[in-house]
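Undergrad:
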Amino acid sequence: MDFRIVRKGYDTKETDDYILKITKEYEEELAKQKALIISLKDKLIELSDKVKDLESKKEMVASALVRAVEKADETEKLAKQKLDTEIAQLKSFHIRWTSYYQKLIQKYPVDEELQKAQEFAQKINEVFVAPADDDKKALEEFRKNHERVTGIKTVSQEIKKGLDFVSGVNHVDDIKSLLAEIDGEL
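So the sequence shown is numbered by my numbering: it starts at 966 and just counts up by one.
Below is the structure:
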């Protein structure tokens, strides 16, 4: 802006009006900038809160995943231990049963039912003699033969005293004491 030159300087009214106009524009721009700064600060606080919330959720999810994996590993380990224990108990019962079965064969004549039971016992023996990595195959074979043989009435079922499955599974005996017990039952 060009000010008119008057005596002793510029026109004071024009100068004052110009300064007032510039001051007003500056104050308006300053107010806009302050409003923008306040708005951006509010937005920053809001977004910071969201980030904190998401980080908290991220930590909770990570913690939950870690706990879930640990629990799954623990469950898998316990299931494997239980399976190993049950297989060991079944193998022990098989030893007792085989010994008892041999005593029955010596004591009673062989008939058709006994022959079928002997074939079943042989298959079970093959299953339990299988290497440890064949346990899955052994269980499948056991299930298949179990259904087939459940209808066979064996001589051992007709005898009131003898081995039962519960005592075979819940034992703590060694082989010598098992054989002594079997000898005593016959």
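All residues carry an ideal CB built from backbone N, CA and C; glycine is no exception.
Computed from a predicted structure; not experimentally measured.
In chain order, what residues of the same chain lie with their CB nearer than 6 Å to the CB of residue 1116, ignoring the 5 residues before and after it?
TA: Low per-residue confidence applies at residue 1116: pLDDT is 47, beneath 50, and the placement is therefore not dependable, though the value from the model is reported in the following sentence. Cβ within range, chain order: n/a, list empty.
Undergrad: Classify residue 975 as helix, strand or coil using the three-state DSSP reduction.
TA: strand
Undergrad: Using the beta-carbon count (16 or more within 10 Å), is residue 1061 buried or exposed?
TA: buried
Undergrad: Does the distance from the CB of residue 964 to the CB of residue 1086 come in under 8 Å?
TA: Given that the chain is displayed from residue 966 to residue 1151, the structure contains no residue 964 and the question cannot be resolved.
Undergrad: Please tell me whether residue 1092 and residue 1077 are closer than 8 Å, where the distance is taken between their beta carbons.
TA: no
Undergrad: Helix or strand or just coil, what does DSSP make of residue 1073?
TA: coil
Undergrad: Give the secondary structure of residue 985 by DSSP, where H, G and I count as helix, E and B as strand, and everything else as coil.
TA: helix
Undergrad: In the segment 990 to 1016, which residue ranges form an unbroken beta strand (DSSP E) of at least 3 residues, counting only runs that do not cross its ends?
TA: none
Undergrad: Which term fits residue 1057, buried or exposed, when burial requires 16 or more other beta carbons within 10 angstroms of its beta carbon?
TA: buried
Undergrad: Ordered along the chain, which non-local residues of its own chain (more than five positions away) have a Cβ less than 7 Å from that of residue 1035?
TA: none
Undergrad: Under a Cβ-count criterion, where at least 16 other Cβ atoms within 10 Å of its own Cβ denotes burial, should residue 1001 be classed as buried or exposed?
TA: Classification for residue 1001: exposed.
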